[in-house]
Amino acid sequence: MNKKAIRKEILKKLADLTSEEKLAKDQVIFSKVIESSHYKESENIFVFVSYNKEVDTHRIINHALQQGKKVSVPVILSIKEGMVAVSIDNLQDLKKNKYGILEPPLIDTNITAPQDIDLVLVPGAAFDGKGGRVGYGAGMYDRYLVQLRSSTKKIALGYSFQLLGQVPMEPLDVRVDGIITD
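Going by the numbering used here, the sequence shown opens with residue 9, and the numbers climb by one from there.
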């Protein structure tokens with residue numbers, strides 16, 4: 009199956025999730041994230057702000073902030089320019105961008121250098137057990153992840169039905185180091 013077909017199939021499954029099912033799955037993933045050694049050992053986290061039916065990251069972000077971790081979230085500059093990591097103090101200051109995704113205001117002083125990040129929690133449509141990832145088609149994360157230190161852990165968050173036997177990978181696609189599912 010090609011990436012487009014995989015995205016279509018997974019987006020349908022996401023749309024079919026009931027709010028009760030999603031809440032239960034999100035709770036399991038939240039617990040696994042905060043109990044993981046990668047999370048516990050990290051001081052500087054870059055995490056996507058969940059959108060639509062993606063795994064809920066709001067609780068993870070709030071927990072990390074309460075733990076005194078530096079938390080950065082993506083700000084999309086443009087499809088061509090990609091994105092930057094911007095540090096936040098809370099979720100209340102975030103506003104919807106033109107894609108409907110919550111973002112903080114972009115100020116030169118709040119940009120986090122990719123080399124400073126210990127852990128990235130990565131979204132995606134589908135994943136496989138070898139670190140393969142199918143994103144949403146713009147290549148934003150693939151272009152950002154190559155800027156990280158080699159020691160930075162890249163962990164995908166997804167529901168169990170998003171974990172496939174194998175996903176197609178292209179030369180510019182970046183593999184993740186692991187996936188946390190329900």
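Think of the CB as a built atom: it goes at the ideal place given N, C-alpha and C, for glycine as much as any other residue.
Across the set Lys-48, Val-81, Ser-45, Val-130, the C-alpha of Val-81 shows the shortest separation from the C-alpha of Lys-103. Taking every protein chain shown into account, the CB of Asp-97 has fewer than 16 other CB atoms within 10 angstroms, so this residue is exposed.
Pairwise C-beta distances place the segment 14-22 out of contact with the segment 34-52, as fewer than three of them are shorter than 8 Å. The beta carbons of Leu-165 and Ile-87 sit about 23 Å from each other, so the pair does not count as a contact at 8 Å.
The segment 62-75 makes no contact with the segment 139-148; the number of CB pairs closer than 8 Å stays below 3. As the crow flies, the alpha-carbon of Asp-34 is around 19 Å from that of Leu-73. Cβ-Cβ distances below 7 Å link Ser-168 to Thr-189, Asp-190 in the same chain, with the five nearest sequence neighbours on each side left out; the list follows chain order. According to the DSSP assignment, Phe-135 belongs to the beta strand (DSSP E) that extends over 134-136. Residue pairing of Arg-141 in beta bridges, as defined by DSSP: Phe-135.
Membership of Lys-162 in the beta strand (DSSP E) is indicated by the continuous run 161-165. If you draw a 10 Å sphere on the C-beta of Glu-89, you find fewer than 16 other C-beta atoms in it, and that means exposed. As far as DSSP is concerned, Phe-56 takes part in no beta bridge. With respect to Gly-173, Asp-136 sits close: the two C-beta atoms are nearer than 9 Å. Ranked by Cα distance from Thr-160, the options Lys-106, Ala-121, Gly-145, Ser-58 are led by Ala-121.
Annotated three-state conformation of Lys-88 is coil, per DSSP. The bridge partners DSSP lists for Ile-42 come to none.
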